[in-house]
Amino acid sequence: MRHNTEFGKELATLYLSVTDFCNLQCDYCSATAGPDKEQYLDENQALETVTQWLKKLKQPFAQLIFTGGEAVFWGYEKLDRVCEQVYQLAKFMKINIHIGIQSNGTVASAKFIAFCKRWNVEPSFSLDGMPSLSDQHRGLGEKVLRNLKKLQAENIQFGLIICLTREVADNIEQILDFLEDNNFYKVRVNVVGSPPDGNDFDNVKAEDIFRVKKALYQRSQQAGTQVLKEYNTTRQILWFDQFLRGIKPAKGHCENYNCEAGQKVAVINPDGRWGMCVEKSMTDGLPVYDTGKNMEVGAGIFWSKQQLWNQCSTCPARPICDHGCIAYHKGKHESFREECKANQKFWKFLLQIRLLQQSCPKLVSSTNFGQV
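In the working numbering, the protein residues as written are 26 to 397.
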């Protein structure tokens, strides 16, 4: 069977969502994966797709990310064959390729470690802080922690993804202590959208999001050879500093309202259909298409109809705003409102710190900013 895999030349990031099967059933899963699912991506389609992708790509850098469900249940033999194909083609096409895999961390066995070493794969895992806290929405937190320790012992670099629920916001200082105590310094905290059933179970508000941003900022300013610098907050601080220096903030495609989903990033779902982005790709997020070419056309039409929110034109925090994830808010500002308010609070917080630094630098290092 031959698959239509034709698509654009600027696709920098390709996700292979190889299965919707997962051994966990997380409350906030945006992919609606779980133990009762059994869809697996056709291996031939995966191989054809990565081949056509790299042959047509017109830029020197690219990344391929395996995801799911739990991607390792696709099988290590299939993962190996795709990785081998990717590296051979990338070398021939002179493309610097990065391969990643997203996992829940429960199946990071000796085979998983060998796979990561064999193909220089960088994994990322989901863990919402201490196991007892993470288990409130996920499960098997202690097992995940043991597996992460095994990877550290094998010198495998990995990142952690924390979903910002109300429980995370309420326990952020303890979570940051936990991360530092375990030498987990590469972290990303993502705001959780409403789950597919529409039940806003955690009801995270602007004050919760801001409280987490402020705590992350304060940790990032500590002295030491290793400092916890969370991805989303770190880039907002960078954008803020660039703005103050009169430099236009250097934002990537995923950090603008027009994130170029379907143009610079795409996903193939387990059923073989193409999605504009991995976020909510198997639920009710952005449109999905039968072929890569149809996705490219559809993405062009989709973005031609999107307009930046009117509120943004007068918002002082716009330089540090990433406008959220369109797969979640679907172009509706009311669905982004709490993140918007949190960004405005964080903007004010950063301004106050800069003003204090200019007037009394020593005071800044000893100030808690608890009242901001």
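For every residue, glycine included, the Cβ atom is placed at its ideal position computed from N, Cα and C. As the structure is a prediction and not an experimental result, all values here were calculated from the model.
Distance between beta carbons of residue j and residue i, contact taken as under 8 Å
| i | j | result |
| --- | --- | --- |
| F374 | K239 | 6 Å |
| G94 | A56 | 7 Å |
| Q295 | T38 | A small fix is needed here, since residue 295 is Pro in this sequence, not Gln. The pair is not a contact, with the Cβ atoms about 18 Å apart (cut-off 8 Å). |
| N172 | G130 | 5 Å |
| I181 | R213 | Incorrect: roughly 18 Å between the Cβ atoms, too far for contact. |
| F98 | P148 | Wrong, their Cβ atoms sit about 15 Å apart, outside the cutoff. |
| D233 | A194 | 4 Å |
| T190 | V217 | 6 Å |
| A286 | I351 | 7 Å |
| W328 | N257 | Not really, about 23 Å apart at Cβ, beyond 8 Å. |
| S9 | S42 | Residue 9 is absent from the model: the chain starts at 26 and stops at 397. |
| C51 | R163 | 5 Å |
| H358 | N281 | Contact flag wrong, Cβ pair sits at about 15 Å. |
| I262 | Y242 | 7 Å |
Chain-order list of residues whose beta-carbon lies under 7 Å from that of residue i (same chain, five-residue window excluded)
| i | result |
| --- | --- |
| E179 | I138 |
| F268 | P274 and P344 |
| I197 | R236, V237 and A240 |
Separation of residue j from residue i, as counted between CA atoms
| i | j | result |
| --- | --- | --- |
| D315 | V290 | 16 Å |
| N425 | P85 | The structure shown does not extend to residue 425, since the chain spans only 26 to 397, so no value can be given for it. |
| C47 | C188 | 18 Å |
| Y210 | F203 | 11 Å |
| A58 | Q247 | 39 Å |
| M155 | G166 | 7 Å |
| K366 | A342 | 9 Å |
| D222 | E321 | Its pLDDT being 45, under 50, D222 is placed unreliably in this model, and the value from its coordinates should be taken loosely. The alpha-carbon atoms of D222 and E321 are separated by roughly 29 Å. |
| K34 | Q113 | 19 Å |
| R379 | G310 | 39 Å |
| V303 | H354 | 15 Å |
| K175 | N208 | 13 Å |
| K168 | Q377 | 42 Å |
DSSP three-state assignment for residue i, whether helix, strand or coil
| i | result |
| --- | --- |
| H358 | helix |
| Q177 | helix |
| T392 | Caution applies to T392, whose pLDDT of 43 falls short of 50 and renders its modelled position unreliable; the value that the coordinates give is listed next. Reduced to three states, the DSSP call for T392 is coil. |
| H123 | strand |
| F209 | coil |
| W334 | coil |
| A96 | helix |
| S402 | Examination of residue 402 is not possible in this model, given that the chain is present from 26 through 397 alone. |
| C188 | strand |
| N215 | strand |
| G59 | strand |
| L165 | coil |
Span of the beta strand (DSSP E), counted from its first residue to its last, around residue i
| i | result |
| --- | --- |
| I293 | V290 to I293 |
| E398 | With the chain running from 26 to 397 in the structure shown, residue 398 is simply not present. |
| L82 | It is not in any beta strand (DSSP E) - L82 carries neither H nor E in the DSSP assignment. |
| E147 | E147 to S151 |
| Y53 | It is not in any beta strand (DSSP E) - Y53 carries neither H nor E in the DSSP assignment. |
Endpoints, alpha helix (DSSP H) assigned at residue i
| i | result |
| --- | --- |
| S159 | P156 to S159 |
| Y101 | Y101 to M118 |
| L241 | A231 to S245 |
Close-in-space but distant-in-sequence residues of the same chain around residue i (CB under 6 Å, 5 per side omitted)
| i | result |
| --- | --- |
| T439 | Any answer about residue 439 is impossible in this case: the structure gives the chain only from 26 up to 397. |
| Q127 | T92 and S149 |
| E68 | K103 |
| T250 | none |
8 Å CB neighbourhood of residue i in its chain, flanking five on each side removed
| i | result |
| --- | --- |
| K62 | T44, D45, F46, C47 and G94 |
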